[in-house]
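Below: the structure, in structure tokens.
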Amino acid sequence: GAGVSQSPRYKVAKRGQDVALRCDPISGHVSLFWYQQALGQGPEFLTYFQNEAQLDKSGLPSDRFFAERPEGSVSTLKIQRTQQEDSAVYLCASSALQRGTDTQYFGPGTRLTVL
Amino acid sequence: AQKITQTQPGMFVQEKEAVTLDCTYDTSDQSYGLFWYKQPSSGEMIFLIYQGSYDEQNATEGRYSLNFQKARKSANLVISASQLGDSAMYFCAMREGWVSNQGGKLIFGQGTELSVKP
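Dropping the structure here:
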């Protein structure tokens, strides 16, 4: 079946602009995660959804970052008033189960460059 | 706090040989999961293998095996018969237990860049 998809794949924004990054998880997956990956680093957790509920947003770096998943499927990560330090790859992952050995499957990521 | 350490920033291996990528972890939890992901230059994170903390046998998936040494808190990835297509970044990650409101978020190491030489 289809994997996790993300759009756009690449986004260039001028400092101060708002951006919206989209994630389409694997159909039927309950859990959805957003991660931020800076250049040369491992991904870092941003936020977690269980269906439409955002249960953990402890990794969001500032109140300029906002995520939603209103119908429990597609999710959008929005960054307001982008700053240069927001430049990174934003990865979305989904998993089928709510516990146990469920594996997170990742999308190709959105590479955000803030000029 | 939980932590994953990958001490090899880069590794080289000759095609068709085996290679071991190191991973050590730190956790106070008794229940946790360990994952390895491959990230080619295209950027997508590809799941390779999983080991649960209570699994008594080392996990294997095709050419990938996980050398799990619980007492030493290490979870090294072994790739047998390396192929040119194995050249990529490899990340070790840990999920600490399972908490309903956290859904099993992953903590990643810094990664190891593997280059396979023909």
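These protein sequence lines map, in sequence, to chains A and B.
Per our numbering, the first sequence starts with residue 1, numbered consecutively.
Per our numbering, the second sequence starts with residue 1, numbered consecutively.
Virtual Cβ for every residue (Gly too), placed ideally from N, Cα, C.
Keep in mind the model is a prediction, meaning the values are calculated, not measured.
| Asked | Found |
| --- | --- |
| Closest Cα partner of Q8 of chain B within the set B:F68, B:L21, B:Q14 and B:S74 | B:L21 |
| Interface residues of the region 32-55 of chain B facing chain A [CB-CB below 8 Å] | G33, F35, Y37, S42, G43, E44, M45, I46, F47, Y50 and G52 |
| Residue(s) in a DSSP beta bridge with T47 of chain A | A:W34 |
| Short-range partners of chain B found in the region 73-98 of chain A, where Cβ spacing is below 8 Å | V89, L91, A93, S95 and Q98 |
| Exposed unless 16 or more other CB atoms sit within 10 angstroms - verdict on R15 of chain A | exposed |
| The region 28-35 of chain B / the region 34-45 of chain A touching (three or more Cβ pairs under 8 Å) | no |
| Any C-beta of chain B under 8 Å from that of T113 of chain A | no |
| Buried/exposed call for T60 of chain B, threshold 16 Cβ in 10 Å | exposed |
| Beta-carbon proximity list for S75 of chain A, same chain, < 8 Å, skipping 5 on both sides | R22, C23, P25, L32, W34, F49, A67, E68, R69 and C92 |
| Straight-line gap, R81 of chain A to S62 of chain A (C-alpha atoms, nearest Å) | 11 Å |
| CB contact check: G104 of chain B to chain A, cutoff 8 Å | yes |
| The ligand COA heavy atom lying under 7 Å from the CB of L21 of chain A | Looking for the ligand COA in the displayed structure turns up nothing, as the structure carries no ligands at all. |
| Rounded distance between the beta-carbons of V19 of chain B and L84 of chain B, thought under 8 Å | Incorrect: roughly 13 Å between the Cβ atoms, too far for contact. |
| Q30 of chain B at chain C interface by Cβ criterion, 8 Å | The displayed structure is made up of protein chains A and B, and chain C is not among them. |
| Own chain partners of R63 of chain B with C-beta closer than 7 Å, once the 5 adjacent residues on each side are dropped | I79, S80 and A81 |
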